[in-house]
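Everything on this sheet refers to the single structure shown next.
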Amino acid sequence: MLEPIFEASFLPCSFGFRPKRKAHDALEVIRKEVNIGARWVVDADFTDFFGSLDPDLLLRLVARRVSDRRVLRLIRIWLSAGVMEDGVSVGSMTGVPQGGRYRRS
Numbered sequence: 024m025l026e027p028i029f030e031a032s033f034l035p036c037s038f039g040f041r042p043k044r045k046a047h048d049a050l051e052v053i054r055k056e057v058n059i060g061a062r063w064v065v066d067a068d069f070t071d072f073f074g075s076l077d078p079d080l081l082l083r084l085v086a087r088r089v090s091d092r093r094v095l096r097l098i099r100i101w102l103s104a105g106v107m108e109d110g111v112s113v114g115s116m117t118g119v120p121q122g123g124r125y126r127r128s
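Sequential numbering from 24 applies to the sequence shown in our numbering.
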């Protein structure tokens, strides 16, 4: 439900973790750009980006585009749910969950 809302805002040059966009697609764009004279490529990966995000700020930003309170509530619950490590629930964490990676405080 959220994907179409936010996907429309991404630039065509953005490939990371987007539907129907693979690393090979990005390489093809780079190949074409180099062939017409491009001289640089930018690849950014911020260390512990998701682990340092403020969950409240993230929710406020999502709420600017999503008005359904039920959806916002589900996102709030997900952001504060914690994780399971070795069969034990770990409630406190910093940042926001990203896929299978979580950072505890």
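By construction, the Cβ of each residue, glycine as well, lies at the ideal position given by its N, Cα and C atoms. Note that the structure is a prediction, hence the values are computed from the model and not measured.
Buried versus exposed, by CB contacts within 10 Å (16 or more), residue i
i	result
P35	exposed
V119	buried
Among the options, nearest to residue i - alpha-carbon criterion
i	options	result
T117	D71, V64 and I59	D71
L80	M107, R41, R99 and G39	R99
E26	D66, V64 and V89	V89
A154	G39, D109, E108 and G110	Any property of residue 154 remains undetermined from this structure, which presents the chain solely from 24 to 128.
Element boundaries [beta strand (DSSP E), containing residue i]
i	result
V113	V111 to V113
V106	V106 to E108
Where the alpha helix (DSSP H) containing residue i begins and where it ends
i	result
V94	R92 to L102
F29	E26 to E30
Give a yes or no on contact between the segment 53-61 and the segment 93-113, applying the rule of three or more CB pairs nearer than 8 Å.
no
4 or more residues per run - each alpha helix (DSSP H) lying fully within the segment 36-88:
46-58 and 78-86
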